[in-house]
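Enquirer: Got a structure here, written out as structure tokens. Questions coming.
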Amino acid sequence: MAATEVRFGVIGLGGMGSGHCKMLQDIPEARLAAVCDINVETLQRTAEKYHVPAFTTHTELLSSGTVDAVIIATPHYFHGSIAEDAFAQGLHVLSEKPLCVTVSAADSMIAAARKSGLKFGVMYQMRSEPRSRAAKQIVASGALGEIYRTSLVMGWYRSQAYYDSGGWRATWAGEGGGVLINQAPHYLDLFSWLGGLPKYLKGETRTRLHDIEVEDEAFATLEYANGAHGYLYASTTEAPEHNQIEICGDRGKIILHGNSLRHFAIDGSIREITVNTTEMWGGPKSVEQQVNLPAEEAIRGHSAITANFTRAILHGERLIAPGEDGLAAVELINGIILSGHTGERVCLPVDRAAYDKLIAHLQTTSRTKGNVSEQRLTDPKFA
Ligand SMILES: NC(=O)c1ccc[n+]([C@@H]2O[C@H](COP(=O)([O-])OP(=O)(O)OC[C@H]3O[C@@H](n4cnc5c(N)ncnc54)[C@H](O)[C@@H]3O)[C@@H](O)[C@H]2O)c1
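Pasting the structure below:
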């Protein structure tokens with residue numbers, strides 16, 4: 051008989067994992083069936099709250115027979131190995147963002163997923179938003195023509211107390227990067243989903259405001275295979291929060307700013323008008339288009355991705371954020387960190403061996419944090 055529900059195990063019960071336990075309660079056809087955390091107190095509290103079996107190691111949970119799928123919400127370094135162990139046990143995997151810390155680990159996860167034939171998703175919930183879906187539809191329709199320029203500016207804020215809330219946070223050994231690997235992945239995913247990946251980048255990273263060993267500011271110039279250029283900036287040093295993506299082409303542009311999406315269409319082609327106009331001050335005329343946003347789904351945010359993942363398992367629904375797509379953000383993260391450390395322009399796909407060597411070196415420079423005041427709190431925006 052065909053299954054009618056998916057039994058989920060949540061691995062890692064901190065700020066995000068506890069959020070997933072809560073959100074699973076409202077997703078049709080999904081059920082929280084087991085939990086796992088290496089912190090016994092957190093584990094017991096969560097298991098008692100939801101009346102589900104508790105496991106102190108992911109391997110025990112995976113072999114327990116209690117679940118069909120897992121959501122991995124541990125610190126990023128563990129995403130890859132836990133996912134591969136889950137696939138080996140015949141379980142579907144929904145990984146938190148970022149997919150993992152290095153491109154080589156991402157390759158390995160993707161290979162394991164393909165070999166298993168199981169569902170593999172990544173928690174890029176911004177893809178489910180109506181304006182993201184509308185933007186993707188505009189780009190995919192070819193309405194913008196050949197892309198000439200892209201830009202991403204993501205100015206966020208994080209306090210020192212945030213960085214001090216976990217020993218793993220903002221360390222090379224525990225997290226594998228700063229703003230690029232923790233806060234920026236959602237926008238890096240959206241940016242590369244809409245504009246594709248560049249062929250080359252030249253990046254820089256800095257630690258401007260916080261007492262951390264990784265970057266709280268990163269920026270890069272990008273060059274695409276067709277010669278288009280782009281600029282990317284991400285930080286946790288800015289207020290109020292600013293998020294903007296621009297994808298500009300020969301026939302129009304889209305601008306995602308805050309929660310808005312604007313689409314400008316050019317009457318013709320910039321390239322052709324440039325060649326053909328005889329007027330000295332003549333030029334392309336653009337008209338702002340009415341953007342028809344798809345209806346907001348009843349289930350939104352993280353839950354939209356988990357609900358879609360559940361239906362993908364049960365009914366073969368197409369994944370909104372397939373795990374394989376998670377590689378693109380890791381390419382940008384690794385590329386900018388590599389370029390920032392070598393001072394060299396980096397070619398994408400990132401040289402796997404070069405990045406493995408760099409991150410292994412950076413891990414050896416990692417210092418144990420003396421100022422940790424542990425807190426496992428869901429971002430109030432998602433609570
Ligand atoms: N999609 C989103 O919007 C979003 C938001 C926040 C965090 N995240 C992601 O979720 C992950 C966790 O972040 P967080 O903020 O919840 O961190 P956190 O520190 O609050 O929680 C991590 C939990 O994992 C547990 N843990 C550590 N190693 C483990 C292991 N090997 N096996 C089982 N449990 C383990 C810890 O004890 C802790 O309870 C990160 O990858 C982060 O990027 C995603």
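Residue numbers (the numbering used here): 51 to 433.
For each residue, glycine too, the CB sits at the ideal point set by N, CA and C.
Fair warning: this is a prediction, and the values are worked out from it, not measured in the lab.
1. Considering Cα atoms alone, identify which of Ile316, Leu240, Arg321 and Asn309 is closest to Leu282.
2. Does the stretch 390-410 touch the stretch 191-202, meaning 3 or more C-beta pairs lie closer than 8 Å?
3. Give the range of the beta strand (DSSP E) segment to which His292 is assigned.
4. Report the partner residues of Val143 according to the DSSP bridge assignment.
5. What residue range is occupied by the uninterrupted beta strand (DSSP E) comprising Met176?
6. With a threshold of 16 other CB atoms inside 10 Å of the CB of Trp206, please say whether the residue is buried or exposed.
7. With a threshold of 7 Å (Cβ to nearest heavy atom), would Gln175 be considered close to ligand 1?
8. On the three-state DSSP scale, how would you describe Leu251?
9. Give me, in chain order, the residues of the same chain whose beta-carbon lies closer than 6 Å to that of Ile305; leave out the 5 immediate sequence neighbours on both sides.
10. May I ask you to report which of helix, strand or coil DSSP gives Val60?
11. Taking DSSP as the reference, what is the three-state secondary structure of Leu272?
12. Among Ala357, Ala371 and Pro372, which residue has its Cα nearest to the Cα of His365?
13. DSSP three-state label for Lys99, please.
14. Looking at the secondary structure, which residues open and close the beta strand (DSSP E) in which Arg81 lies?
15. How should Thr107 be labelled, buried or exposed, when 16 other C-beta atoms within 10 angstroms of its C-beta is the threshold for buried?
16. Compute the minimum distance between the beta carbon of Ala123 and the heavy atoms of ligand 1, and state whether it is under 7 Å.
17. Here's a check: name, in chain order, each residue in its chain whose Cβ is nearer than 7 Å to the Cβ of Ser319, leaving out the five neighbours to either side.
18. Going along the chain, which residues of its own chain have a beta-carbon closer than 6 Å to the beta-carbon of Phe314, five neighbours each way excluded?
Expert: Based on what the coordinates show:
1. The alpha carbon of Leu282 has as its nearest neighbour, out of Ile316, Leu240, Arg321 and Asn309, the alpha carbon of Leu240.
2. By the Cβ test, the stretch 191-202 is not in contact with the stretch 390-410, since fewer than three Cβ pairs between them sit closer than 8 Å.
3. Membership of His292 in the beta strand (DSSP E) is indicated by the continuous run Thr287 to Gly299.
4. Under DSSP, Val143 forms a beta bridge with Val120 and Phe170.
5. Secondary structure note for Met176: it is in no beta strand (DSSP E), with a DSSP letter that is neither H nor E.
6. Per the 10 Å Cβ criterion, buried.
7. Checking the 7 Å criterion, the Cβ of Gln175 is within range of a heavy atom belonging to ligand 1.
8. Correct three-state label for Leu251: strand.
9. Same-chain partners within the cutoff: Glu296 and Arg312.
10. Three-state DSSP puts Val60 in a strand.
11. Leu272: strand per DSSP, three-state reduction.
12. Cα-wise, what sits closest to His365 is Ala357.
13. Residue state, collapsed to three classes: helix.
14. Where Arg81 is concerned, the enclosing beta strand (DSSP E) stretches over Ala80 to Cys86.
15. So Thr107 ends up on the exposed side.
16. Checking every heavy atom of ligand 1 against the Cβ of Ala123, one is found closer than 7 Å.
17. Hits under 7 Å: Gly195, Asp300 and Arg301.
18. Taking C-beta separations shorter than 6 Å and ignoring five residues to either side along the sequence, the partners of Phe314 in its chain run Gly302, Lys303, Ser336 and Glu338, following chain order.
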